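K.L.:
I have a structure here, written as structure tokens, and I will follow up with some questions on it.
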Amino acid sequence: DSGTFLGLGTVTGSVAIHIAFSLQVSWAGAAGQPWCPPPVPHVLCSPQRLYYVKEAHGIVVTDVAFVPESQPGRELLGGHEAALLSVAVDSRCKLHLLPTRCSLPVWLLLLLCAGLIVATILLLQLAFPGFL
9 DSGTFLGLGT VTGSVAIHIA FSLQVSWAGA AGQPWCPPPV PHVLCSPQRL YYVKEAHGIV
69 VTDVAFVPES QPGRELLGGH EAALLSVAVD SRCKLHLLPT RCSLPVWLLL LLCAGLIVAT
129 ILLLQLAFPG FL
């Protein structure tokens, strides 16, 4: 409902969740990403895939829907970022939970950069006395 994710069901029964807010494409096979050839004009890969289950149903997926962000929906989510319900031709319904992504706080990143700069200056001072 928030427009952050895109849920897909395939004719082979597979289920995927992609980042939807920008439909980013990738050129390289980063962790969890499909491999693509080197950058060539007009050759693109699929948007960033966060979750994929090959043949989750074994038959055509007919419908997918995200669990709403209401109070009962938040209780079902638990500590997960999103939950997708998928339904197949055989009327089976499966719940797919997207784990919460971890990120590095900006302040920690800035602290690490400052530490790297200080360490570089100290190493230069040690290698070349009187450099600074």
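Quick note, the sequence shown lines up with residues 9 to 140 if you use this note's numbering. From the three backbone atoms N, C-alpha and C, an ideal C-beta is built for every residue, glycine too. Note that the structure is a prediction, hence the values are computed from the model and not measured.
1. Is the distance from the Cβ of A28 to the Cβ of F13 below 8 Å?
2. Pull up the CB-CB distance for T70 and A96, whole angstroms please, since I reckon it's below 8 Å.
3. What first and last residue would you give for the beta strand (DSSP E) that runs through V95?
4. Where DSSP assigns a beta bridge to A24, which residues make up the other side?
5. Report the rounded CA-to-CA distance for L134 versus A122, giving the unit in angstroms.
6. For Y60, which residues from the same chain have a beta carbon less than 6 Å from its beta carbon, with the 5 sequence-adjacent residues on both sides left out?
7. Quick one, which of V75, L85 and K62 has its alpha-carbon nearest T108's?
8. Do L106 and L58 come within 8 Å of each other at the CB atom, strictly closer than that value?
9. Which residue or residues does DSSP assign as beta-bridge partners of V75?
10. Using the C-alpha atoms, what's the distance from V126 back to S78?
11. Tell me, which residues are paired with V69 by DSSP?
12. Measuring alpha carbon to alpha carbon, tell me which residue in G138, S99, V68 and Q56 is nearest V19.
13. Count the other C-beta atoms from every protein chain shown that fall within 10 angstroms of the C-beta of G161, then say buried if there are 16 or more, exposed otherwise.
P.N.:
According to the structure shown:
1. yes
2. 6 Å
3. A90 to A96
4. L16 and Y60
5. 18 Å
6. A24
7. L85
8. yes
9. In the DSSP output, where bridge partners are listed per residue, V75 has none listed.
10. 48 Å
11. A96
12. V68
13. Shown here, the chain extends from 9 to 140; a query on residue 161 therefore has no answer.
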